Every structure is written in structure tokens, then in C-alpha cells.
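Contents: one structure, followed by commentary.
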Ligand SMILES: *[C@@H]1O[C@H](CO)[C@@H](O)[C@H](O)[C@H]1NC(C)=O
Ligand SMILES: *[C@@H]1O[C@H](CO)[C@@H](O)[C@H](O)[C@H]1NC(C)=O
Ligand SMILES: *[C@@H]1O[C@H](CO)[C@@H](O)[C@H](O)[C@H]1NC(C)=O
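In mature numbering (1 follows the signal peptide of the UniProt record, and there is no 0), the protein residues as written are -16 to -1, 1 to 716.
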């Protein structure tokens, strides 16, 4: 469900005061690689996502985003946290290693970000290499750790052959640890020419032994894991990092994803997998290492043909030494499995087992009240209830009943884990409320229709009927048909209950129609499975579709007839429908503008745009036929004659990307919103005077990742409101 290279998140709302908040999906919607509890301060915990930054846990099980200010357009990769560490001696301090990709998809080197106020404010220390928060292996860890005896010492295990790095000034600077020579040579697929799967996975974790002596004020014994499946993968220092050696007697198969210290037992617990995750792993093991005796014990909870997966999340009950849980990383059928032991791994019990085949006996109940769509559109249509990509699994160190684990879809967890030992039945809930981690690929707000239509990656999409609904998690995703990814959505201007969407990855027809504002859908009768992806434009009356496909041409259908190519437009053209006049469609390719006055059957070149070599977006006026706004590399142009002639708007805004009109505050006028470069740099601007002047409406506390990928929709119904859909990945 959750593809490795898919990214990004968060639809936000600005009212006139430019305060931003998330529209509530309620259930995450993407992969959560890690959850970290503070070891000594009750109630302090954070989740890191792969494309949506870091979130702080609240008392009521909800989460608050804490890195929204960090990912401006020049640093969009900072929403990819690859590791997170808390200072065991100061519960206010957080560190994270951030950066989205180690290949050229992310132009920047990574950084270590630090907060001393639980994520309210941050400082940034640049690293001299890249970090891969949305790369394979992002669920291993944590690769970043603060010495429990010395808050100035921070270690970071890097990817790409860069080895082990250390700070001795509380994260202000980092230097390579030359005495540590292993680099983690495992490569998921050396043939991947994109660089995404062909990078060295690097180091897996840094785990301090808080029970060891101190040397010059530093913890003496530290374990470091590497992604190596042929040589050793667990190393130890006994002299605070001066010298290192491979731990003797260690497993010689697979490599470790998690390494947890149980101080009362003087033992490490490690989960192993034959792949780097999060989407793979077909074999693995679980081990206990007794630190003082040096004895390794294989405590893998399953054997034989039942063992067809590796192990990811592993959590220790800090209140009850010897009690632990471990999860399959990816057990695709019938479901993931979680194992629990109360005797240090000597014996295990399961969360479900086969009854009389095909019956399953569940030792849990599951509910998704905070995100009903998870139950309705995922659990109820799939055997996988517990999830997949389970790299994180945590027991609250202060509350043996409270557990959380991240999946490819959400965070599950609950508050009665010790019932496992009493009644062997626990309650699992979806507990990702506040984490918004989907790739928002297109958004629209229909005047007189649905207030927000959000096309998203991996989980199809959502409709919100009214502004009041934006705080309520939807009952359903766009289903029947459910697209893996929905790339484009549009509504009919004169009949806004009519909505069209296009998607991809299904191997089936990828165009669906709704006549109730995007709540129920049916496949378009004329679509075949050859066309997919891209963007779609719906004629004003809702009988003609122009589809700029990702898979090929720009194509057209009328009255649900079959599609035919529009020969006058080249593939990838930007398209839009006139919102009022059913005969008109508009298009742009490179710097050339096209208009169709016969319902999209044919397009011809229209008004020239001097100096423009890239038309990025076309916004048609919600109520006035023939009035439109064109976003280009030189700024915004407007036309009031169906694109026959254009006038440039204020040149204070240049190099613009998505553009949208929305209802103005307190009047029937429309505001114009655009991402572009203006007086305050590259960000979101708005104009309440038809584009004569532009105001920075983004503000200082909110960033939107790369602005050339951010989606924009002025509200069709609420004065002064605009929606932004964020796409962290730079799409080229
Ligand atoms: C080790 O990983 C490599 C990929 O880097 C793989 O080709 C090989 O089969 C693995 N070897 C073992 C023994 O698992
Ligand atoms: C990489 O390519 C080589 C040569 O074509 C092939 O033998 C090998 O199986 C490929 N490896 C993977 C992991 O796809
Ligand atoms: C555990 O509880 C759930 C929810 O109440 C129930 O559906 C399930 O059947 C129970 N399992 C067993 C084995 O009794």
C-alpha cells in the first residue's frame, strides 16, 4: 500500500490572520518509521515520519507537528528525519538527523537539528554529507544517540559509507570517528540507476550501555550496528570510543534493525532481517546478548516454514525486566504478527493464530475511531489488520500498558497491553490523530460544492463537504474504485456536485466520476486501462473531460464516450476548463498558450506571453467566463477574453507555480493566491486587488516544502481561506 518512494503530506488552512492548521485525516496515512519515548520523563514521546517531519505526543493520544517551520523551499528535505534522539538527562532536548534522499533527488546535504524546548524552536547544524529520511533502511535505529552520562556527547551513524560521527559540544559540530572503520556495506539493489536503492545502507544504530563505567565523564561501553550481512554487524567499544571491535559470537546472518538495552538484565535484545526495510525482509531472527557473559542466545519466536519474514520493531517493558514484544517487519499474509515474552525470550505468545483453517483466532480487538476510513477502506477489505512495515514498536517506559507501533499506514497502539498476560486479549486502536503524512497530489475547493477535495498518494483521496467538516476525520477514502494514487481531481463549474478524478498504479481504468461532490464514485464508462496519472479538467457543465495523462497524450471524452487523443496538444500540457462556459478549455505547453472553443475537440495557439518559456498553471475564474490567470516562469498574466490577449500582473511576483482563486474576505470578490518569488522570497503570496499587489500570507512559522510541488486551492465557499497540499518530494 505504501510505496517506498512515495512521499509527503498535510493540507493546511489559512484564515485572514494567516494561521495555519491541518485538515484532519485523523490517521497518519503514511509510514511512521520510529517512535521514541524519553527514558526518564513520563509522557514525553515523539514520532518521526519519513516525509512529514516530527510529531510530539500529547496526553490525549493525539500528536502535534513540531517541524512545520523547517522545510522552506530551499530545504524541503528537512521533513525527512532519518533518526531521532532525546537527551536522557534533559527531557526538553531533541536531536534529529534530517534530509530526504542521499541521491540527487535532494539537492542538499543533511543536517542535525536540535531543539531545547521540545520542538518549539530549532537550531540547525549542517552535515558534510546527505541523509536519507525517505530511503530504504529508514526504520533501522536509532542511528542517533546522546550519551546518558554526558549531554555534550552525541553520536550519529551515517549512510553512504560515511561511517560514525560524533559531537562533543552538544550537537554544535560533528567530527568523523576515525577509530570506527565499518561503514555498513549492504546495498538493496546495486542496479538501481536512480541511486535510490543502490546506496550503502550504512550504520543501523548507536546504543549506549548506561550500566557501564564512565571514562573521562563519558559512557565507556557503546554498541554500534551496521548494515552488513557477510561481515560482523555489531561493534562495541569499552573505552568510550577510542577503540572498537566486533562483538564476539554474534549472528553471522542478516543484520540488526533494532538494539535495545535492558539495564536490569544487563542484556541487549536485537531484531534482525535480511533486507533493509521498510518494504522487504523474507527471513530474520531475534537475539539476546548477555553483556557480562558475552553469550548470544537465539530467541527467534518462530521457526520453519512459518518464518517467512524478518523482524523490525522490538520493545522492552522497562518496568518488568524480561518482558518484551517483537514484530514481524513485513508478513504479507494473512497478517503481521506481534510476539510477547515474559521470560526474556525463552517462550513467546502470539497476537493471533490459525484456528480451523481458514479461521483466525484473534487475541485482540481493533478499532479505528480516530480515523474511521482505516477500518472502512483498509481493515474491512484486507486480511492485514495489524499492518505492515512495522519498524517501530514501543512500550511506554513508565506505563507497561501503553504501547504504540508504526505501520505503513498509521500508528496503532493501546492502553491495556498487560492484559496480554492476564486474559490474552488486548485492544488496539488507531492512534495517529494529528499526524498528517500523505502525499497530497492535487486539491480543489468547489464554489457551492465540496469545500475540499484532496487527491492523495497511497490512500486514494478524501472529500470534505463543508468547512465545518475539516476537523473531523473522514468516514471513507475515495473508493469503488479506490486508486492506489489519485493524481488529479476537478469539478464542473456550473454543476459542482460533479467531480472527476484520475489516478494510477491500478492496472485498471483510472478515471472515476462522482455526482455527489466526491462521496460516491463510479468508473467512467469510456476509460480503458491504457491511460493513467496526470491531471484532469472537467467542462463547466460536466459532460466533457480533458485528461493530460502521465502515461501518454492529452485525451478527451464526451458523455462518457471513449477517449481520443487531442492532436493539437503535446503530452504533459497544463490544462484547465472554463468554469462557466462549457465550450472553452485552455492549455499551456512550454511558453505557448492554447485555447479550445469547441469543448476541447481542437486547440489552437492563442494570446502570446512575451518572455515566457514555461506555463506552470492555469486558474480559471470561478464565476466569470473567459477570465483566467496564467502562472509562468516570469510571473502571472491575466486575460478577460478567453486567452486571446494577456496582460502581465504586478511584477513583484515572479517565477510562480500553482495559482488559485478563492472567495475574498467579506465580499463577492475573489482573492488570487500563488506560490512564487516575491518581496519575502520564494513562498505563498495572496492578492486581494486582482494582482496589483501581493502579500506574503505564508508567515514565519509555516513552511510548505518545495513550492514548485505544493498544491494550492483558494476556498470556493469561505472568505479569505486557502488550502495548501504539500508534496515534499521534488518532482522533476
Ligand atoms: C548480502 O547482501 C547482498 C546485497 O548487498 C546480497 O546480494 C547477498 O545475497 C546477501 N548475502 C547473504 C548471505 O545474505
Ligand atoms: C543486476 O544486474 C546484473 C547484470 O544484469 C544481474 O546479474 C543481477 O541479478 C542484477 N541484480 C539485481 C539485484 O537485480
Ligand atoms: C478478543 O477480544 C476481541 C474484541 O472483544 C474479540 O473479537 C475476540 O474474539 C477476542 N478473542 C478471543 C480469543 O476471545
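Idealized CB from N, CA, C, for every residue including glycine.
These numbers come from a predicted model, not from an experiment.
Note on residue 66: 16 or more other CB atoms within 10 angstroms of its CB, so buried under the neighbour-count rule. Annotation: residue 196 to residue 187 spans about 22 Å, alpha carbon to alpha carbon. The three-state reading of DSSP puts residue 289 in helix, counting H, G and I together. Within a 10 Å sphere around the beta-carbon of residue 406 sit fewer than 16 other beta-carbons, which makes this residue exposed. When DSSP states are grouped into helix, strand and coil, residue 122 belongs to the coil group. The beta-bridge partner set that DSSP reports for residue 332 is empty.
Excluding the 5 residues flanking it on each side, residue 192 has same chain C-beta neighbours closer than 7 Å at 129, 131, 132, 203 and 206, in chain order. Nearest C-alpha to residue 533 among 293, 559, 657 and 414: 559. For residue 209, the three-state secondary structure derived from DSSP is strand.
Looking at the DSSP output, residue 642 shares a beta bridge with no other residue. By alpha-carbon distance to residue 39, the top candidate from 210, 607 and 416 is 416. Rounded to whole angstroms, residue 366 and residue 519 show a C-alpha spacing of 29 Å. Between residue 413 and residue 353, the C-beta spacing is below 9 Å. Residue 435 holds the alpha-carbon nearest to the alpha-carbon of residue 455 among 435, 462, 463 and 147. Put simply, the stretch 277 to 292 does not touch the stretch 387 to 396. Fewer than three CB pairs are less than 8 Å apart. For residue 682, the closest C-alpha among the options 53, 338 and 7 is that of 53. DSSP places residue 505 in no alpha helix (DSSP H); its state is neither H nor E.
Residues 439, 472, 473 and 695 of the same chain have their beta carbon placed closer than 6 Å to that of residue 426, with the five preceding and five following residues left out of the count.
Here residue 377 is actually not in contact with residue 369; their C-beta atoms are around 16 Å apart, not less than 8 Å. The beta carbon of residue 108 is closer than 7 Å to those of 95 and 97 in its chain, skipping five residues each way along the sequence.
Judged by beta-carbon spacing, residue 156 lies beyond the 9 Å limit of residue 150, meaning their Cβ atoms are not closer than that value. With fewer than three CB-CB distances shorter than 8 Å, the stretch 593 to 602 does not count as touching the stretch 535 to 553.
When the Cα atoms are used, residue 24 and residue 382 turn out to be separated by approximately 8 Å. With a beta-carbon spacing of about 5 Å, residue 486 and residue 495 fall inside the 8 Å limit used to define contacts.
Taking the C-beta atoms as reference points, residue 630 is found no nearer than 9 Å to residue 587. The C-beta distance from residue 228 to residue 163 rounds to 6 Å, short enough to meet the 8 Å contact threshold.
Between ligand 2 and residue 174, a heavy atom-to-CB distance of less than 8 Å is present.
Annotation: residue 282 is outside any alpha helix (DSSP H); the continuous beta strand (DSSP E) that includes it extends over 279 to 282.
For residue 672, same chain residues with a beta-carbon under 7 Å away, outside a window of 5 residues either side, are 648 and 655 in chain order. Applying a distance threshold of 5 Å between residue Cβ atoms and the heavy atoms of ligand 1 selects 170, 171 and 213, given in chain order.
Residue range 403 to 406 is occupied by the alpha helix (DSSP H) that includes residue 405. The C-alpha of residue 323 lies about 16 Å from the C-alpha of residue 317.
Counting along the chain, residue 360 sits inside the alpha helix (DSSP H) bounded by residues 356 to 361.
By the Cβ criterion, the stretch 244 to 261 is in contact with the stretch 279 to 298, since at least three pairs of Cβ atoms, one from each stretch, lie closer than 8 Å. For residue 217, no beta strand (DSSP E) encloses it, and the DSSP letter there is neither H nor E. Counting along the chain, residue 98 sits inside the beta strand (DSSP E) bounded by residues 95 to 99.
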